Amino acid sequence: MSFKALVAILCVVPHALAQTSSATATATSGASSPSATSTTPLNVAAKAAGKKYFGSATDNHELTDSTYVEILSDSNMFGQITPGNSLKWDATEPSRGNFTFTQGDQIVNLAKANGQLLRGHNCVWHNQLPSWVTSGNFSADTLSSIITTHCGTVVGRYQGQICFWDVVNEPLNDDGTLRSDVFYDTLGEEYISIALRAAKAADPDAKLYINDYGIEGTGPKSTGMVNLVKSLKAASVPIDGIGMQAHLIVGQVPSTLGDNIKQFTALGVEVAITELDLRMTLPATDADLAQQKEDYQRVISTCNAISGCIGVTIWDYTDKYSWVPATFSGQGAALPWDENFNKKPAYDGIVAGFAS
Ligand code: 9MR
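Under mature numbering (1 follows the signal peptide of the UniProt record, and there is no 0), read the sequence shown as residues -18 to -1, 1 to 338, first letter to last.
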C-alpha cells in the first residue's frame, strides 16, 4: 500500500504540502474575462489556515475528461472529494437488497490513490430514491429495517475509508419543521436516529453529519437544525457534524453566516461547508465576477475564523460540470474555474479568505 493510500484510509490529514501546484496558476480566461493571479493551491491554503481540507465534489461521467481529472487529482489543490451522485440510494441499492458499488468504488479509489479524504453523500434523502422505496407502502418496522440495512451496508462498505458521511440529507422544510417524505411519513423523526445509529455501527470512526441547504444564515430553518441536533444529542444519538451546503447567490451571502456557524458549533458538533457555489445571472459581467470573488472570500474567511468549521467543499470546481444551469435557467458561472478550466477571480477570493 502506498503512503498516500494509507494516509487517506486513516482519515489523517497530510502535513507539509508543497507550495506548488501542477495546475497552471495564472491561466487567462477568455479574451476579456478577468482571471485569478494567485499561485497558492487551495488545499495548501486551507491547511495553512488550520483547516482539515479544501475539497470538491465530482461525478463519474466527468472522469473521462483528462484535463478535468488532472486538476481534481492534485491533492495540493483538493484535499477531499465528495462523490456527487454515486453513493446515493438510487445508485447503491436500485432494487431491494441488491447493492452496486461500481460507481462509488471508482471515485473512492481515485481519492485514495490521490491521498485525498472522502465525504460520503448520502444514506437517507427524499430525492434520488428508487421507486421500490417510495412506493413500497412499508410498515414502520419494515422501513426501519430497510434504512438500517441500507445505511449499514453503504457506510460499512467503505468502513475506515470515508471520514465524513452526510448520513441524513435535507431533512428540513424552510420553516424548520421536518420534511414530509416516505421516511418521515412512515416513521416520524425516528428515521433520523435509525440512520445515524446504523451508520455508527457500520463505521464507528466516521464523522456523521446531517446536511442541508438554506441553513447558512440564522432563521427558522437554522433554528430547526439546532433543535434537531439538540434533540438527537439529548437522546444520545450519534451526531458529529452539521453540513451547510451553501448553494448561494452572488451578492447575497447571509450577513449572519458567522453567528450561525457559531450557534451550530456551540451545540458540540463540527460544521463543514459541504456544497459551496455562488451562482449569478448569465452572461457574467466583470462586476459579477468581482462580486463573486468577494463573496467566496467572505464565506471562506468566515469559516476560517471559527475553529469548529473544519473544511470547505465546492460542488464541483469547474463551470463545465456545475449543476446550476440545468436547475436555474439563465444562471450559472458559480464555480472558481470557468468551463475552459481557467481560474476566475473567485479563486483569489478563496486564497485570500484562508489567509485572513
Ligand atoms: O449534483 C447533483 C446532480 O448531478 C443531480 O442531478 C442532483 C439530483 O438531485 O443532485 C445534485 O446534487 C445535490 C446534492 O446531492 C444535494 N444538495 C443539492 C445538490 C445540487 O442539486
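We put the CB at the ideal spot given by N, CA and C, even for glycine. For clarity, every value in this text was computed on a predicted model and none was experimentally measured.
Cβ neighbour criterion (16 or more within 10 Å) applied to residue i
| i | result |
| --- | --- |
| residue 186 | exposed |
| residue 58 | buried |
| residue 32 | exposed |
| residue 12 | Bear in mind that the predicted position of residue 12 carries a pLDDT of just 46, short of 50, making it too unreliable to give a figure here. |
| residue 184 | buried |
| residue 265 | exposed |
| residue 298 | buried |
| residue 102 | buried |
| residue 325 | buried |
| residue 66 | buried |
| residue 37 | buried |
| residue 314 | buried |
| residue 39 | buried |
| residue 110 | exposed |
| residue 241 | exposed |
| residue 311 | exposed |
| residue 217 | exposed |
| residue 233 | exposed |
| residue 84 | exposed |
| residue 73 | buried |
| residue 27 | buried |
| residue 204 | buried |
| residue 268 | exposed |
| residue 300 | buried |
Among the options, nearest to residue i - alpha-carbon criterion
| i | options | result |
| --- | --- | --- |
| residue 112 | 79, 38 and 168 | 79 |
| residue 75 | 61, 132 and 119 | 132 |
| residue 49 | 337, 334, 330 and 302 | 302 |
| residue 165 | 156, 283, 242 and 130 | 130 |
| residue 317 | 309, 119, 329 and 311 | 329 |
| residue 97 | 270, 273, 25 and 199 | 25 |
| residue 56 | 95, 84 and 85 | 95 |
| residue 156 | 270, 200, 327 and 322 | 200 |
| residue 116 | 90, 162, 29 and 239 | 162 |
| residue 143 | 120, 89 and 284 | 89 |
| residue 118 | 70, 81 and 168 | 168 |
| residue 321 | 338, 71 and 44 | 44 |
| residue 286 | 239, 170, 272 and 323 | 239 |
Cβ neighbours of residue i in the same chain (closer than 7 Å, five flanking residues each side left out)
| i | result |
| --- | --- |
| residue 114 | 77 and 78 |
| residue 145 | -8, 99, 100, 188 and 189 |
| residue 235 | 277, 280 and 281 |
| residue 244 | 288 |
| residue 108 | 152, 161 and 163 |
| residue 306 | 259, 261, 313, 314 and 316 |
Spatial neighbours of residue i in its chain, beta-carbon cut-off 6 Å, leaving aside the 5 residues before and after
| i | result |
| --- | --- |
| residue 194 | 152 and 154 |
| residue 150 | 106, 174, 177 and 192 |
| residue 225 | 148, 191, 193, 254 and 256 |
| residue 7 | Interpretation of residue 7 is limited by its pLDDT of 33, a score under 50 that renders its predicted location unreliable; the figure taken from the coordinates is listed afterwards. The answer, listed in chain order, is 21. |
| residue 10 | A caution first: residue 10 carries a pLDDT of 36, below 50, which makes its placement in the model unreliable, though a value can still be read off. Hits under 6 Å: 17. |
| residue 345 | In the structure as shown, the chain starts at -18 and stops at 338, and residue 345 therefore has no counterpart that could be examined. |
| residue 331 | 275, 278 and 279 |
| residue 93 | 63 and 100 |
| residue 237 | none |
| residue 128 | none |
| residue 41 | 66 and 67 |
Same chain, Cβ closer than 8 Å to residue i, neighbours up to 5 away in sequence not counted
| i | result |
| --- | --- |
| residue 87 | none |
| residue 207 | 154, 158, 192, 194, 197, 224 and 246 |
| residue 211 | 192, 221, 224, 246, 249 and 251 |
query: Between the region 252 to 272 and the region 215 to 233, are three or more C-beta pairs nearer than 8 Å?
result: yes
message: Under 8 Å, with one C-beta from each stretch per pair, do the region 188 to 207 and the region 245 to 253 reach the 3-pair mark?
response: yes
query: So, do the region 177 to 185 and the region 120 to 127 have three or more beta carbon pairs nearer to each other than 8 Å?
result: no
- prompt: Do three or more CB pairs link the region 125 to 140 to the region 286 to 298 at distances below 8 Å?
  reply: no
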